[in-house]
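Written out below as C-alpha cells is the structure these notes cover.
Residue numbers (my numbering): 14 to 323.
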C-alpha cells in the first residue's frame with residue numbers, strides 16, 4: 014500500500030511546518046506529501062520541501078479548498094489519499110491504519126479528531142434529514158444510548174461505525190474512488206464540501222466510516238479561516254449547509270432539517286446559559302442559522318460519478 018497526504022494551504026506555512034514536524038517518525042519514509050497552495054505568497058513551498066518525497070503545486074489564484082484538493086488528489090501517486098488540513102497534527106502512527114482500512118473497505122474513513130487541549134472534536138455526523146436531527150435536538154447527546162448516538166452524534170462513539178459524512182479536516186479514501194467522486198464540488202469555495210461529498214458518496218454506494226479506535230489526529234482549527242473570516246465562520250457554514258441539503262434532499266426536507274437545527278441550537282444555548290456555561294459558540298451558530306434564511310448560493314447539479322477531478 015502506498016499513501017499520499019494531500020494538504021491544501023492558504024497563508025498557513027507555520028501550520029504546515031508543525032504538521033510536517035509531527036509526521037517525522039510517525040509516517041513511513043515513503044509516504045508522499047502533496048501540498049497545493051492557493052496563491053498564499055508565503056514560504057509554504059519551503060515547508061513542504063522539508064519532507065521527502067513531496068510535491069508542491071502553486072496555484073496562481075485562490076480556487077478554494079475543494080478545487081485545490083481535487084488538484085492534489087489528481088497529482089497524488091499513492092493507492093490511498095489522506096486529505097489533511099494544514100492545521101492538523103499527528104500524535105502517533107495511526108494514520109497508516111486509517112489508510113489501510115479505507116483501501117480494504119473501498120470506503121471513506123475518518124479518525125477521531127481532537128482539539129488542541131485533547132478533548133474530542135465533533136468530526137462525524139449522522140443523517141442530516143429525517144427523524145434523527147429532531148431526536149438529537151431534544152435529547153442531549155451525552156445522555157443518548159449508543160444506538161441513538163450512532164445516528165445523531167456518532168463522533169461520541171468509541172468504535173468504528175458507519176456514518177453519513179465525515180469532517181474534511183482528515184479524510185482517507187482510495188485515490189481512484191476519490192477521483193470518481195470529484196472528490197469535491199469546486200463550486201463550494203469553503204465549508205460544506207465535506208457534507209456534500211459524504212451525501213454524494215452514499216448515493217453512489219460508497220460508505221463513510223468513523224474510526225475512533227483506529228486513528229486519532231489533533232485539529233487545532235481556524236488556521237486559514239481566521240484570516241478570511243475573522244468574525245467566525247458561522248454564517249457561511251449555515252448558508253452552505255442549506256445549499257448542500259437543498260440540492261441533495263430537496264427543498265421540503267431541507268426546510269425540515271433547518272427547523273430541527275434551529276431547535277437544537279436554541280435548546281443548547283438555553284441549557285448552557287442556565288448552567289452558566291459558555292454558550293457563545295451556540296448563540297453565534299444560532300444567530301447565523303436564523304440569518305441565513307434560504308440558501309444564498311444555489312448549487313448546480315451534483316458532479317456526476319466518474320468525474321476525474323478538476
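A virtual CB, placed ideally from N, CA and C, is assigned to each residue, including glycine.
Please read all numbers here as calculations on a predicted model, not as lab measurements.
Query	Result
Same chain only: Cβ atoms within 7 Å of residue 262, ignoring 5 sequence neighbours per side	142
Presumed contact (8 Å Cβ cut-off) between residue 176 and residue 221, rounded CB distance	5 Å
Cβ-based burial, residue 165 [other Cβ within 10 Å; buried from 16]	buried
CA nearest to the CA of residue 72, picked from 301, 62 and 58	58
Beta-carbon contacts of residue 63 that lie in its chain and below 6 Å, excluding the five residues immediately before and after	33
Cβ pair residue 198, residue 315 closer than 8 Å	yes
Distance cut-off 7 Å: residue 40 Cβ against heavy atoms of the ligand MN	In the structure shown, the ligand MN is absent, as is every other ligand, since no ligand is present at all.
Rounded straight-line distance, which links the Cα of residue 90 to that of residue 218	25 Å
Residue 197, DSSP secondary structure in three states	coil
Candidates 232, 275 and 290: closest to residue 100 by CA position	232
Beta-carbon proximity of residue 333 to residue 179, cut-off 8 Å	The shown model of the chain, from 14 to 323, leaves out residue 333, and the question about it has no answer.
Burial state of residue 259 (16 or more Cβ within 10 Å)	buried
Beta-carbon gap between residue 201 and residue 253 smaller than 8 Å	yes
Close beta carbons around residue 251, own chain, < 8 Å, minus the five adjacent residues each side	298, 301, 302, 304 and 305
Contacting residues, own chain, Cβ-Cβ under 6 Å from residue 139 (five flanking each side not counted)	145, 164, 165, 167 and 177
Buried versus exposed call for residue 117 [16 or more other C-beta atoms within 10 Å across all chains shown]	exposed
Member of 121, 49, 44 and 223 whose CA lies at the smallest distance from the CA of residue 70	49
Proximity to residue 19 [Cα-Cα], best of 156, 269, 184 and 74	184
Bridge partners - residue 20, DSSP secondary structure assignment	48 and 97
Spatial distance of residue 83 from residue 203 (CA atoms)	13 Å
Cβ of residue 44 within 8 Å of any chain B Cβ	Of the protein chains in this structure there is only one, and it is not chain B.
Ranges of the beta strand (DSSP E) found wholly within the region 71-135, counting only runs of at least 3	93-97, 101-103, 121-123 and 125-127
CB of residue 111 within 8 Å of CB of residue 278, strictly	no
Own chain residues within Cβ distance below 6 Å of residue 286, not counting five before or after	292
Residue range of the unbroken alpha helix (DSSP H) whose run includes residue 33	26-36
Unbroken beta strand (DSSP E) run spanning residue 183, endpoints	183-187
Residue 205 and residue 257 closer than 8 Å at C-beta	yes
Neighbourhood of residue 45 by C-beta, 8 Å cutoff - its chain only, sequence neighbours within 5 removed	15, 16, 17, 18, 66, 67, 68, 89, 90 and 91
Beta-carbon proximity of residue 104 to residue 21, cut-off 8 Å	no
First and last residue of the uninterrupted alpha helix (DSSP H) at residue 281	264-287
Spatial neighbours of residue 248 in its chain, beta-carbon cut-off 8 Å, leaving aside the 5 residues before and after	301, 304 and 305
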